[in-house]
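These notes are about the structure you will find just below.
There are 2 protein chains.
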Amino acid sequence: MMIREAVAQDWDAVWPFFHQIVAAGETYTYPRDLDEERARSMWMLQPPSRTVVAVDEASGAVLGTAKMNPNHMGGASHIASASFMVDPAHAGRGVGRALGEYVLGWARAEGYRAMQFNAVVESNTRAVALWKSLGFEIVGTLPEGYLHPTLGYVGLHIMYQRLQADRP
Amino acid sequence: MMIREAVAQDWDAVWPFFHQIVAAGETYTYPRDLDEERARSMWMLQPPSRTVVAVDEASGAVLGTAKMNPNHMGGASHIASASFMVDPAHAGRGVGRALGEYVLGWARAEGYRAMQFNAVVESNTRAVALWKSLGFEIVGTLPEGYLHPTLGYVGLHIMYQRLQADRP
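Protein sequence lines correspond, in order, to chains A and B. Numbering that gives the first Met the number 0 numbers the first residue of the first sequence as 0 and each following residue consecutively. Numbering that gives the first Met the number 0 numbers the first residue of the second sequence as 0 and each following residue consecutively.
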């Protein structure tokens, strides 16, 4: 697997699984009927934010994608954030972990002092466990913060990790 | 004191104290050098979001302002947020409390199930105490989340309150 900068042509490979994940409404705070143009503008970011894809080196298939960006401005502009989508057809082979490690490396290299995830659905236990294994902590949970289509209201975690910046 | 919908002409009264508060860099996650046009577009919101001003009924002076808006989309779209600016020249006469009560009423009337403040600076103890007195809890604190100009890195609170909706 290789992680590289997303280019405009990658969107056609991203949208089918992006749409599948958002339409399921179980893990993301996007409208389930999010249309493709709006999705593209929300996901394919411009500098200083970035969007990458994880690609199978043999087939060239896009396995997943991540975007990374500042999470606050002003006095909190040292906190980054990131979002992830992994094609369910390629789950279980470490794509999410590789993307997570990548964005943490990006944030450190850019001099961010922390990374915050604003809305991790409590019932998305695989994601919660993955982020914990990468050093994130749940700093707070919004009770009944997310309406899951089958589980009803579940908590919405805010996860956070301080980073050792590469730069002094 | 009266709270009413902000109109375009109110901005000229808002900007001087808005600018003073943001330039001080002690309480808001806005860039300290935020320019007036960007500030106006970030503060003077369109429906379904709203912006109001608190006005002295005798003199007509603008004492403070609040904006209120959805905080998330999709499965978390039942969570509102709000932001407040009170003219320091009119501090201590309950303007912040009145605006806080107003936005909670708005959120209930609109059917939101919760209100979340994403970034309350820990050292802004008056604000923290006010929001607690209005029913908010600190659900989490981002350690070293805010760089205060004189105190250095301080925590950044996420505050949250579930609401009893007016509508069934």
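Each residue gets a CB set at the ideal place from its N, CA and C atoms; glycine is no exception.
- Within chain A, the C-beta atoms nearer than 7 Å to that of I157(B) come from G139 and I157, in chain order.
- Interface annotation, E143(B): in contact with chain A, CB-CB separation under 8 Å.
- When the five nearest sequence neighbours on each side are left out, the beta carbons in the same chain lying within less than 6 Å of the beta carbon of A118(B) are those of T28 and L155, in order along the chain.
- Neighbours of P30(B) in chain A, taken as residues at a C-beta separation under 8 Å, are given in chain order as M72, G73 and S76.
- V21, G24, E25, T26, Y27, T28, Y29, P30, R31 and L33: these are the residues of the segment 13 to 40 of chain B whose beta carbon lies less than 9 Å from some beta carbon of chain A, given in chain order.
- No Cβ-Cβ contact shorter than 8 Å links A57(B) with M67(B).
- Under the Cβ distance rule, L146(A) counts among the residues neighbouring chain B, one pair being separated by less than 8 Å.
- Looking at R92(A), P87(A), S82(A) and A88(A), the one whose alpha-carbon comes closest to that of L103(A) is S82(A).
- Identification of chain B residues near R125(A) by a Cβ-Cβ cut-off of 7 Å yields none; the smallest Cβ-Cβ distance measures about 17 Å.
- In this structure, G151(A) lies away from V138(B), with their beta-carbon atoms at least 8 Å apart.
- Using beta-carbon distances, A57(B) does not count as an interface residue toward chain A, since no partner is under 8 Å.
- For T124(A), the three-state secondary structure derived from DSSP is helix.
- Look at R112(A): its C-beta is under 8 Å from a C-beta on chain B.
- DSSP places F17(A) in the uninterrupted alpha helix (DSSP H) bounded by W10 to A23.
- Burial is judged here by how many other beta carbons sit within 10 angstroms of a residue's own beta carbon; G99(A) has at least 16 and is buried.
- Inside the segment 58 to 118 of chain A, DSSP marks whole beta strand (DSSP E) runs of 3 or more residues at positions 61 to 69 and 78 to 85, from first to last along the chain.
- Looking at the DSSP output, G139(B) bridges to I157(B).
- F16(B) is positioned such that its CB atom lies closer than 8 Å to that of P87(B).
- Taking 8 Å as the cut-off, the Cβ atoms of L141(A) and Y159(B) count as close.
- Counting along the chain, R49(A) sits inside the beta strand (DSSP E) bounded by residues R49 to V54.
- L44(A) sits in coil when the DSSP states are folded into three classes, being neither helix nor strand.
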